[in-house]
Every structure is written in structure tokens, then in C-alpha cells.
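**Student:**
In the UniProt record's numbering, the protein residues as written are 1 to 120.
1. Our contact map puts residue 90 next to residue 81 with C-beta atoms below 8 Å; I'd like the distance itself, whole angstroms only.
2. At what residue ranges does the region 88–114 contain a whole run of the beta strand (DSSP E), taking only runs of 3 or more?
3. Give the secondary structure of residue 51 by DSSP, where H, G and I count as helix, E and B as strand, and everything else as coil.
4. On a Cα-Cα basis, can you pick out the residue from 2, 30, 56 that is closest to residue 10?
5. Could you check what DSSP says for residue 25 in three-state terms: helix, strand or coil?
6. If you run the structure through DSSP and keep just helix, strand and coil, what is residue 79?
7. If you drop the 5 nearest sequence neighbours on each side, which residues of the same chain put their C-beta closer than 8 Å to that of residue 71?
8. Is it true that the region 98–118 meets the region 15–22, where meeting means three or more beta-carbon pairs spaced less than 8 Å apart?
9. In three-state terms, what does DSSP make of residue 30?
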């Protein structure tokens, strides 16, 4: 069973995503509310996949993505963004993100993105 780290500054979004991914058969091993926490939890748990919100306090998702990729070049990170953040999504993909999911979350799209990311 694949282990996931969910990163989002909104507790409601983490809760929603956690329910969707556990329903899809994944195990959530940690939740982070900012990029700094995500980097620390990644280092501690080495999850199979990280979902990363882009806009967060303290350290944004793109900075956290870069830090995680410097710790582990093979890290699998799927970005989560609101509509209208396309330029940031492109930046994230160039910096090593595997895919992105647009909010509000669609359960089918999430499962598809995670399955695809883990198959790489």
C-alpha cells in the first residue's frame, strides 16, 4: 500500500483529500500545514508520494518541492492548485513535480493522478 504525505494549509482540504485517498486504497502517513512541515515530515517518513498545495504560509509548495527534490531526487510530488495558478503549476512541473490536481478536488482525477505518479 502506497504511503502518502498530504500538504495543505487548510485543514478542511487536508481532511477532504485524506478521505478521498484512503477510500482509494492509500495510506496517509502524515499531514503538513506548510512547506517547512512537509520537508521535515518527508525527511522523517520518506513517503511514496506527496500532495503539495502551492500557496501556503512559511514556505510555499514550490520551495518545499525544491527542498524535497534536493533531499531525494526520486521524490514523487503531485501539486494541488486552485484555478488560475497555471504559471505556478508550470514552474512546479519544471522543478520536478510529477502532476497537478486542481481544486476543488475530483475523486476520479485524484486517483488517476496518484496511480499515474506511483507507476513512474
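Just so you know, even glycine gets a beta-carbon here, dropped at the ideal spot from N, CA and C. As the structure is a prediction and not an experimental result, all values here were calculated from the model.
**Tutor:** By the coordinates alone:
1. Actually they do not touch by this definition, with Cβ atoms about 11 Å apart.
2. Runs of the beta strand (DSSP E) inside the region 88–114: 99–102.
3. strand
4. The option with the nearest alpha carbon to residue 10 is 56.
5. coil
6. strand
7. 39, 42, 43
8. yes
9. strand
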